[in-house]
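Beneath this line is the structure, given in structure tokens, with notes to follow.
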């Protein structure tokens, strides 16, 4: 069993819908957020069946270990409090055509990474490339 914070500094994704992030390691603690499938989280430590995690906005909480997996996902972190969307492109660079746009908080599955760009797929099937600096996750 890993015991240091550095050993636990890893990423996981939510496996299921309406998964509760709680204020403590147990069901008696209040729900901070309900998270959806694929939502990426950074893990800091484990306590029994619970993981201490943070999200892309820095919220710290706890989720059950059996409610996460190691399927890599990213979330749009750019343009908070804005109606401006990021571009999802057909290739890894600004010269490629725009195939879709995404708002702050949209979750994508990570397919590949290349030269500061991430090849992503949305749950509705759209795939494309997004500049890494606009995303949070793995």
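In my numbering, the protein residues as written are 3 to 140.
Each residue gets a CB set at the ideal place from its N, CA and C atoms; glycine is no exception.
Predicted model only: the values in this text are computed from it and were never measured.
Where DSSP assigns a beta bridge to residue i, which residues make up the other side?
i, result
"residue 140", "Beta-bridge pairing links residue 140 to no other residue."
"residue 49", "52"
"residue 42", "15"
"residue 24", "33 and 64"
Using a Cβ-Cβ cutoff of less than 6 angstroms, which residues in the same chain neighbour residue i once the five nearest sequence positions on both sides are dropped?
i, result
"residue 62", "56"
"residue 32", "25"
Note down the Cα distance separating residue i from residue j, rounded to an integer number of angstroms.
i, j, result
"residue 37", "residue 117", "30 angstroms"
"residue 119", "residue 80", "14 angstroms"
"residue 66", "residue 97", "43 angstroms"
"residue 48", "residue 136", "29 angstroms"
"residue 69", "residue 95", "35 angstroms"
"residue 92", "residue 122", "10 angstroms"
Among residues of its own chain, excluding the 5 on either side of residue i, which ones have a beta-carbon nearer than 7 angstroms to its beta-carbon?
i, result
"residue 107", "77 and 78"
"residue 19", "38 and 39"
"residue 133", "118 and 119"
"residue 88", "78, 80, 81, 103, 104, 132 and 136"
With a threshold of 7 angstroms between beta carbons, is residue i in contact with chain D?
i, result
"residue 80", "Of the chains in the structure shown, none is chain D; there is only one protein chain."
* Asked: Can you list the alpha helix (DSSP H) stretches of 4 or more residues lying completely in the stretch 102-132, in chain order?
  -> As far as the stretch 102-132 is concerned, it has no whole alpha helix (DSSP H) run of at least 4 residues.
* Stretch-stretch touch, CB-based, cutoff 8 angstroms, three pairs: the stretch 120-131 with the stretch 92-104 -> Taking 8 angstroms as the limit for Cβ pairs, the verdict is that the stretch 92-104 does touch the stretch 120-131.
* On the three-pair Cβ rule with 8 angstroms, is the stretch 47-55 touching the stretch 24-31? -> By the Cβ test, the stretch 47-55 is in contact with the stretch 24-31, since at least three Cβ pairs between them sit closer than 8 angstroms.
* To do: Tell me the start and end of each unbroken beta strand (DSSP E) in the stretch 56-101 that is at least 3 residues and wholly inside, in chain order.
  => For the stretch 56-101, whole beta strand (DSSP E) runs of length 3 or above, ordered along the chain, are 62-66, 75-78 and 88-91.
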